[in-house]
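According to the UniProt record's numbering, the sequence shown is numbered sequentially starting from 1.
Where is the CB? At the ideal position from N, CA and C, for every residue including glycine.
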Amino acid sequence: MNNPIATYRLQFHKEFTFKNLETLIPYLRQLGVSTIYASPVFKSTPGSMHGYDGVDPNQIDPEIGSMEELKTLSTILKENHMQWLQDIVPNHMAFHSENPWLMDVLEKGTQSMYAGFFDIAWNSRLFHGKLMVPFLGSDLDEEIESGNVLISYESNRLMLTYEGANFPLNPRSYSTLFESELVSHNQALVQIGTQCKEINEVEEPAVFSEQWNELLLQLSSLMKNQDEQELVTELLKEVNSNPEKLKQIIDQQTYVLCNWQDTDQHINFRRFFTVNGLICLNIQDENVFLTYHALIKQLVDEGIFQGLRIDHIDGLYDPARYLEDIRRLAGDDTYVVVEKILGQDEDMPENWPVQGTTGYEFLAKVNNVFTNVNAEKTFTNFYQELARESATIQEHLLKKKAYILFEHMGGELENLYGLLAELNLADAQDLKRIGKEQLRQAIGEFLIHCPVYRYYGNQMPLKSSEMASVQKIFDDVKNFHPELVQAVALLENALLTKPSEGDQDYNARALEFYQRAMQFTGPLMAKGGEDTLMYTYGRFIGHNDVGDSVECFGITLDEFHSKMKKRLKNWPLSLNTTSTHDTKRGEDVRARLNVLTDLPEEWISRVKHWRELNAPLRQKFSAPDVNDEYLIYQTLTGAYPMPGKDEDDFPARLDEYLQKALREAKRKTSWAEPNEAYERGVQQFAQELLNQQGPFWKDFASFQKKIVDFGMVNSLSQLILKFTCPGVPDVYQGCELWDLSLVDPDNRREVDYEKRQSWLREFAGAERGVLLEKLWNDRSNAQIKLWLTQQLFELRKQNPALFSEGAYMPLPTKGRFKDHLLAYARIHKKDVIVVAVPLHLAMMCKTEELPSIAWKDTAIEVPPVFTLEWEHLLTGNKTEYDSKISVAELFDKLPFAILKGARIDSERTADL
């Protein structure tokens, strides 16, 4: 099994290519990386900075490299004992003129060999009508009148063009055009038109495609002649200048050009979330699956890829079946993880043939263990008073999900209602009696009240546990909406009661509706929760991140230990991540923000003072409102660069972040209807705060200095947990230094690898004691994080079985500050390491600053079966401890520690 020891995530694009990675391999080897974790590398839209908008899964993206370069890279990686974990995107592709499969469908309609590839009307009872092409800025008639939609001859075929996008005309349109009086005297073009009619009668897709391509070659050859070229140009000019004729041609297509906002209430293809530019695949179809994964399989079989990361597993019609298929395709030795956002108490299906997830649930648990759970009430009361907000978080979430569904996914909801009726899941008289609107509303509330991203049942009747979860949703809907009781009862009967009667045909239809509904609960949770509520509910933004929840406010040590034990038992090879390309804030922003929960009264006092201090600015700019102002104060505290580091570009980065945050919130402005005056007012207010000669800055800087110092300890402790807790540590590109980034595109900025390489060279020749003192004293410059990351990569590499198989044993703590210490052992056969990191240091020393912390009698208790001799892996010192480890001694040099020891009774298991 090609299980990674630790991964390093890289984002490929035209500015960071395979060649760039090749030059980095010596650095990554020196850092200790053993697995490259790559963003999508298959051909995507021109200029894509992320690769999730693929256009051809069977071609390497030429903007980042070639197949030859990838194979060369693979050889070099293997020489350096490195593996490759590849991100793949089976849910969707780009709705783009560079997508050859989709353009073939638009051109040939149901006669296309790719007609079954996309989740559109021809392949599903969920959709009806001509395929919408929703990219116009206004209605089609207006765009025609304005001369924005035209027919042109591009890439050897006739196209509809709109603002740089090209969509092919079908053969029937060629016939219509070449029947024009204007070209009647040109026998060659008339013959082309006649052949188009004949080809249109061909039913076999392969034959149709072959004959059509031959005809296009003939036309291409003709267009090299000046006479035909001038004639066709004149013909197109005539049609383009005649709106009626142009509309006639457009109406002949198997697709319909429409306003991009039409999809808010009507849509006939499945898309990724609410993104019109990403069209979903019928990956559950065997032919689609095999065609899409052809190159992926080749690269796995050739040993180029040792692992696969499956993007957006929740979007698929039947995730369990897909994962069984991918396991058969990739083989048992391929490491497979899924991008899965779990609810706080949700478990991933244990029968999935994968090694785990991409690690967002680990991010959440670590983030919460550094949050002072006892400060929740104080923060909540203050925020409710500040924002004049009395609704519960759950009520907020339901409201945001409802907004997304009814305002931006009304078409999806309408399609689900139509599917329910078409599948005959209810008596026609009941449907008529209850009425469309009530049923439509009930289906919507069923989606809205789903408490997790989705459920995975692929048989009817559902398993008892899932049936209970679905029943709970129906009960919640009835409690919130008593007016929908009858409509909900109909759905209950259709999905829960009748399937138990054992009618196989009915159950197949009920399952189709259920699995379709589950494809839309995830987008609602993502858009309503992650992309709306996390920007509107600002009680404590440290938990407003992917995998975490605005409802969360810390967990106890016992809860954390329990989660880690469970992780080791169920998914020991899941990734442990703390930053990704999708996180709202960098790992060190969250670590710093957590310090605020250790000082709730002081924080609240400062915010109140700042609001008074900045009242003239609010009046001057007529912005921000109180909610957005509180977001700014938290953002500055968490993300402002270390003193003297990267401060010059922060104002521009903050501007960009605030615009995105305000638009995602959809309160005062939005992407669809931007309120630029309000946005600019907020940005100007924030820029004034950054004026270091202004009244705010002096007070803010003195407070933030303390937060920054304690935040760095949280950051380094978090890093240690990531590498030593159950799971496979994942480092996002550049995060070996302080990661004070904000949401994308801020977290996808260029990484300065030259600086990192230079620092590693400095470390190599330094004496350990002198180096550590320097690193700690100058910790704000981030060298200490780079050094610690290198040490931890090496620790994992030297002890693979200890971390992949070793037991996780919480260690009791005693003494005055026992609740400020997280300690555990990892045990495998004779090998033992003990990990200890501090928690909530700011609470311990409100009048002190690091490192003057007196741990007094605080100690870690270790079982007598451990040896007395221990090595401090970070300091290099060796010492002896009996049954108690003094924390004051342990943290003498650094405020965290990793000890290496051994077991005396090696015959026993680690379950002590």
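| Asked | Found |
| --- | --- |
| Near the ligand NAD: residue 478 beta-carbon under 8 Å from a heavy atom | Absence of the ligand NAD from the depicted structure is noted, as is the absence of any ligand whatsoever, leaving it without description. |
| CA-to-CA distance, residue 43 to residue 96, given in whole angstroms | 12 Å |
| Residue 812, DSSP secondary structure in three states | coil |
| From 573, 623, 289, residue whose alpha carbon lies closest to that of residue 362 | 573 |
| Option in 228, 650, 473, 431 with minimal Cα separation from residue 444 | 473 |
| Residue 84 - partner residues in DSSP beta bridges | 36 |
| Opening and closing residue of the alpha helix (DSSP H) in which residue 792 lies | 783 to 798 |
| Straight-line Cα distance separating residue 193 from residue 983 | Coverage of the chain is limited to positions 1 through 912, which leaves residue 983 absent and any answer about it impossible. |
| DSSP state of residue 671 mapped onto helix, strand, coil | coil |
| Residue environment, residue 593, which counts as buried when at least 16 other CB atoms sit within 10 Å | buried |
| C-beta contact flag for residue 337 and residue 358 at 9 Å | yes |
| Buried versus exposed call for residue 646 [16 or more other C-beta atoms within 10 Å across all chains shown] | exposed |
| CA-to-CA distance, residue 370 to residue 100, given in whole angstroms | 49 Å |
| Complete runs of the beta strand (DSSP E) confined to the region 50 to 118 [at least 3 residues] | 54 to 60, 83 to 88, 92 to 94 |
| Burial state of residue 847, where buried means 16 or more other Cβ atoms lie within 10 Å | No answer about residue 847 holds up, because its pLDDT of 47 lies below 50 and its placement is not dependable. |
| Under 9 Å between C-beta atoms of residue 486 and residue 440 | no |
| Cα-Cα separation between residue 243 and residue 144, rounded to whole angstroms | 6 Å |
| For residue 734 and residue 643, the rounded distance between their alpha carbons | 19 Å |
| Per-residue DSSP class, three states only, for residue 821 | strand |
| Sub-9 Å separation of residue 640 and residue 662 beta-carbons | no |
| C-alpha distance - residue 179 paired with residue 60, whole-angstrom precision | 42 Å |
| Residues near residue 626 in its chain [Cβ-Cβ closer than 7 Å; skip 5 each side] | 386, 387 |
| Top-ranked residue by Cα proximity to residue 885, from 869, 874, 225, 875 | 869 |
| Cβ separation of residue 528 and residue 400, assumed to be a contact under 8 Å, to the nearest whole Å | 4 Å |
| Whole-angstrom distance between residue 481 and residue 10, CA atom to CA atom | 47 Å |
| Secondary structure of residue 848, DSSP reduced to three states | Low confidence applies to residue 848: its pLDDT is 46, below 50, so where it sits in the model is not reliable enough to give any reading. |
| Per-residue burial, residue 629 [other beta carbons within 10 Å of its own, 16 or more giving buried] | buried |
| Beta-carbon gap between residue 898 and residue 833 smaller than 9 Å | yes |
| Cutoff 6 Å; reference residue 515; Cβ partners in own chain excluding five residues on either side | 317 |
| Assumed close pair residue 314, residue 522 - CB separation to whole angstroms, cut-off 8 Å | 4 Å |
| Simplified DSSP assignment, three categories, for residue 129 | coil |
| Nearest-angstrom Cβ-Cβ length linking residue 575 and residue 7, presumed shorter than 8 Å | 7 Å |
| Straight-line gap, residue 758 to residue 31 (C-alpha atoms, nearest Å) | 12 Å |
| 8 Å contact criterion, which residue 208 and residue 108 should meet: CB distance rounded | 7 Å |
| Cβ-based burial, residue 913 [other Cβ within 10 Å; buried from 16] | Summary: the structure shown does not reach residue 913, with the chain confined to residues 1 through 912, and so no result is reported for it. |
| 8 Å Cβ shell around residue 110 - same chain, five flanking residues per side excluded | 122, 254 |
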